[in-house]
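Student: By our numbering, the letter at position 306 of the sequence shown is numbered 935, and the numbering carries on one by one without gaps. Glycine residues also receive a C-beta, built at the ideal position from the N, C-alpha and C atoms.
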Amino acid sequence: MGFPGMTRVLLRQQIPGAAMDRVSLLWRLRRRARRGALCMALFCMTMALLYTFCAENSIPVTDAIFGVKARTRAQPRAHSIVKAMNKYGVKYRPESAAHRSKLSGPELLCQIKEMVQIATLTPDMEPFSGFPWASQLPPHQITTDIGPFKTCAVVSSAGSLKNSGLGKEIDTHDAVIRFNAAPTTGFEKDVGSKTTVRLINSQVMASEDHHFLSSSLYSAGILVSWDPGPYSSDLQEWFNKTDYPIFKQYQRYRRLHPQQPFYILHPRMEWQLWQRIQDNMGETIQKNPPSSGLLGTVLMMSLCEVVHVYEFLPSRRKTELCHYYQRFSDAACTLGAYHPLLYEKNLVKRMNQGSDHDIYTHGKVTLPGFTTFNCTHSSNSNTLSKT
Ligand code: NCC
630 MGFPGMTRVL LRQQIPGAAM DRVSLLWRLR RRARRGALCM ALFCMTMALL YTFCAENSIP
690 VTDAIFGVKA RTRAQPRAHS IVKAMNKYGV KYRPESAAHR SKLSGPELLC QIKEMVQIAT
750 LTPDMEPFSG FPWASQLPPH QITTDIGPFK TCAVVSSAGS LKNSGLGKEI DTHDAVIRFN
810 AAPTTGFEKD VGSKTTVRLI NSQVMASEDH HFLSSSLYSA GILVSWDPGP YSSDLQEWFN
870 KTDYPIFKQY QRYRRLHPQQ PFYILHPRME WQLWQRIQDN MGETIQKNPP SSGLLGTVLM
930 MSLCEVVHVY EFLPSRRKTE LCHYYQRFSD AACTLGAYHP LLYEKNLVKR MNQGSDHDIY
990 THGKVTLPGF TTFNCTHSSN SNTLSKT
């Protein structure tokens, strides 16, 4: 409580000298304390607002304060650190550059068709066959259960899909694959509304932010999940040390949605695909698995006759905006930091059978399904012929 103005005047008249000084000192101290408390309350409110905004838009608070540019400038160093890491025990001896000839698009397509095995976990695989919950796994491979489809669309989550108006075109495909938490509601004009398959990484399944067990986002269509396994692809080793608790969440989800088809990718596929990227690049790539986007593209090539991939190779709308559904910018979302995204995109560009104009205007790549071509071997190269 302070001294109202009138009381202060009366006090001044009645209390003389040193006593008056003590009273006014006390009064000034109280006034300062009140101002301090007010400032502190304002500061706390501002910080609370800032943290709420950053959480909603997945922006690191430091970026919001210092600007994204500061972090983007620091990227090259972070990138080289990521490149040096080898969390999954990758043992790879690169061929010498002299022996490595640059493969053509058709040769690359043949390599991927022949050397990347699309497989999902089934209840008879060790160590899963010994677990009571193994019966929750689908009994057949995804490639046996689903498709074949004539035309398929792969919809990356890139920010450059924003204002693309590609929604109608995407929905004309027989099957559409989307990734992680990418929504359609509210974004139909740009990304369409059909979802046949949703490929999710184990981080999405485990992180509380995504509400994986309760959100309706995941309950439509076929779910396929993946978690980076060891380079050796030893399933027991992977089961003991997954990046995120994929198996615990899988069991919980299956109990809640027993009718929804839900597959888990065999981790061998990630590394076989990784080897194709590394073998075809002139430099060392990150020793981390490819992104969900490339895994999903190759999965669809095994289920469809023609695959159109949207905004994996950025169009003229290229932007630093990470996702079309969030207000968060970081060039690493498009070029990669953890995932060897830049190299993945290089590989896809080489396999593209569509025009450069399609890439420029629609961010659209055309890839043939694996069943539509045969590969014939001549000396040490592969050639592709239509079936
Ligand atoms: O961002 P993400 O990918 O969910 O995007 C799905 C796929 O779209 C392609 N993409 C995305 C953004 C962009 N600007 N350009 C693109 O080409 C990529 O092919 C990408 O795979 C993932 O691959 O699973 C990833 O997941 C996110 C994150 O885990 C989920 O979004 C859930 O929040 C990863 N981000 C982080 O861990 C912070 C991302 O590195 C890879």
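(1) Can you give me the Cβ contacts of D803 inside the same chain, cut-off strictly under 7 Å, excluding the 5 residues immediately before and after it?
(2) Determine the DSSP secondary structure at T913, reduced to helix, strand or coil.
(3) How about S836: is its Cβ closer than 8 Å to a heavy atom in ligand 1?
(4) Give me the Cα-Cα distance between F868 and M980, rounded to the nearest whole angstrom.
(5) Can you tell me which of L795, P874 and G815 puts its alpha carbon nearest to the alpha carbon of S854?
(6) Ignore the nearest five residues each way along the sequence and tell me which others in S921's own chain have a CB closer than 6 Å to its CB.
(7) Which residue's Cα is closest to the Cα of Y972: F999, H937, T990 and T913?
(8) Assign R722 to one of three DSSP states: helix, strand, or coil.
(9) Does ligand 1 have even one heavy atom less than 8 Å from the beta-carbon of F868?
(10) Report the rounded CA-to-CA distance for G815 versus P896, giving the unit in angstroms.
(11) Below 8 Å on the Cβ atoms is my guess for S944 versus H991; work out the distance and round it to an integer in Å.
(12) With 16 as the cutoff for other CB atoms within 10 Å, does R905 come out buried or exposed?
(13) Have a look at W903 and Q880 and give me their C-alpha separation to the nearest angstrom.
(14) Is it buried or exposed for H769, if we count other Cβ within 10 angstroms and need 16 for buried?
(15) Using only alpha-carbon positions, find the residue among L679, T751 and T772 that is nearest to W762.
(16) So for H986, helix, strand or coil by DSSP?
(17) Suppose contacts are defined by Cβ-Cβ distances below 9 Å. Is N917 in contact with K716 by that definition?
(18) What is the rounded straight-line gap between the Cα of G925 and the Cα of M676?
(19) Counting only runs of 4+ residues fully inside the segment 798–881, write out the alpha helix (DSSP H) ranges in chain order.
(20) Ligand 1 and Y717: does the residue's C-beta get closer than 8 Å to at least one heavy atom of that ligand?
(21) Does DSSP classify V784 as helix, strand or coil?
(22) Look at the alpha carbon of D908 and the alpha carbon of P723, and state the distance between them as a whole number of angstroms.
(23) May I ask you to list the residues that DSSP assigns as paired with N1003?
(24) Tell me the DSSP bridge mates of H952?
(25) Using the C-alpha atoms, what's the distance from L942 back to K993?
(26) So F841 and Q878 are in contact, right, with Cβ under 8 Å, and what is the actual spacing, rounded?
(27) Does the Cβ-Cβ distance between T825 and I799 come in under 9 Å?
(28) Is L923 near ligand 1, judged by its Cβ being under 8 Å from some heavy atom?
(29) Kindly indicate which three-state DSSP category E973 falls into: helix, strand or coil?
(30) Where DSSP assigns a beta bridge to I893, which residues make up the other side?
(31) Mapping the DSSP letters down to three states, classify R660 as helix, strand or coil.
(32) Could you have a look at T751 and say whether DSSP puts it in helix, strand or coil?
(33) Do you know offhand how far S812's Cα is from L846's?
(34) Does the beta-carbon of E899 have 16 or more other beta-carbons within 10 angstroms, so that it is buried, or is it exposed?
(35) Where does R946 land, buried or exposed, given buried means 16+ other C-beta within 10 angstroms?
(36) In angstroms, rounded to a whole number, what distance separates the CA positions of P919 and Y721?
Tutor: This is what the structure holds:
(1) F778, K779, T780 and C781
(2) coil
(3) yes
(4) 34 Å
(5) P874
(6) F808, L828 and N830
(7) T913
(8) coil
(9) no
(10) 34 Å
(11) 6 Å
(12) buried
(13) 28 Å
(14) exposed
(15) T751
(16) helix
(17) yes
(18) 40 Å
(19) 817–820, 831–835 and 864–869
(20) no
(21) strand
(22) 7 Å
(23) S1014
(24) A787
(25) 7 Å
(26) 6 Å
(27) no
(28) yes
(29) helix
(30) S854
(31) helix
(32) coil
(33) Ser is not the amino acid found at residue 812; the sequence shown has Pro there. Taking the straight line joining both Cα atoms gives about 7 Å.
(34) buried
(35) buried
(36) 16 Å
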